[in-house]
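Following my numbering, the numbering of the sequence shown begins with 348 at its first residue and continues without gaps.
Cβ coordinates follow ideal geometry from the N, Cα and C atoms, glycine included.
See below for the structure under consideration.
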Amino acid sequence: ERSVLSKVVAGLLKNAIENTPDEGLIELYAEKKEGAVYLEVRDCGVGVTAINSALIFGGFFHTQDTDLYSSKRPYQFNAGGAGADLLRIKVFSERFGFHVDFQTRRCPFIPTDTDLCPGRISKCSFVSDRQGCLTTGGSVFSVKFPLDAFAVPAN
């Protein structure tokens, strides 16, 4: 169903934007091959700590330390969402038979949930230029949609 696909793409892009500092990079790839459509959303953001990556699709879970959490405007860096978009994507994947995968690398300069990114690459004291940030952390969400996943059964 087209609306499901739109919600998946929008949710992954929103997640990438909210976890990538200003001046960062987000890439979107899509390819049709071998009876499926492959979608990949790759961000050069802060990444997720190892302990939190196991919980990422659980929903109503935020990756920031609870004492630092604040709900900001959607699409703002570190907006502090509750994970509803990722939970919805996981539920959709189970309902419609597509596969979603997640890989992450936490920025080594902010290794814990209490360490904060300044939110703009040019304000980071750990890197000397934009490229220095783009290679330190980030996440990749990969989705494989079998072409028949959204097929409407014949009556």
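Helix, strand or coil at residue i [DSSP, three-state]
i	result
residue 398	helix
residue 469	helix
residue 426	coil
residue 349	helix
residue 403	coil
Beta-carbon contacts of residue i that lie in its chain and below 6 angstroms, excluding the five residues immediately before and after
i	result
residue 363	373, 388 and 390
residue 474	480
Separation of residue j from residue i, as counted between CA atoms
i	j	result
residue 424	residue 404	20 angstroms
residue 361	residue 486	13 angstroms
residue 470	residue 448	32 angstroms
residue 397	residue 366	16 angstroms
Buried or exposed (CB count within 10 angstroms, at least 16 for buried), residue i
i	result
residue 386	buried
residue 573	Any answer about residue 573 is impossible in this case: the structure gives the chain only from 348 up to 502.
residue 433	buried
residue 414	Bear in mind that the predicted position of residue 414 carries a pLDDT of just 48, short of 50, making it unreliable; the figure below should be weighed with that in mind. Classification of residue 414: exposed, given that the 10 Å Cβ count is below 16.
residue 441	exposed
residue 460	buried
Same chain only: Cβ atoms within 7 angstroms of residue i, ignoring 5 sequence neighbours per side
i	result
residue 445	490, 491, 492, 493 and 496
Beta-carbon contacts of residue i that lie in its chain and below 8 angstroms, excluding the five residues immediately before and after
i	result
residue 466	368, 369, 424 and 425
Between the segment 483-491 and the segment 353-367, do at least 3 Cβ pairs fall closer than 8 angstroms?
They touch, by the three-pair rule.
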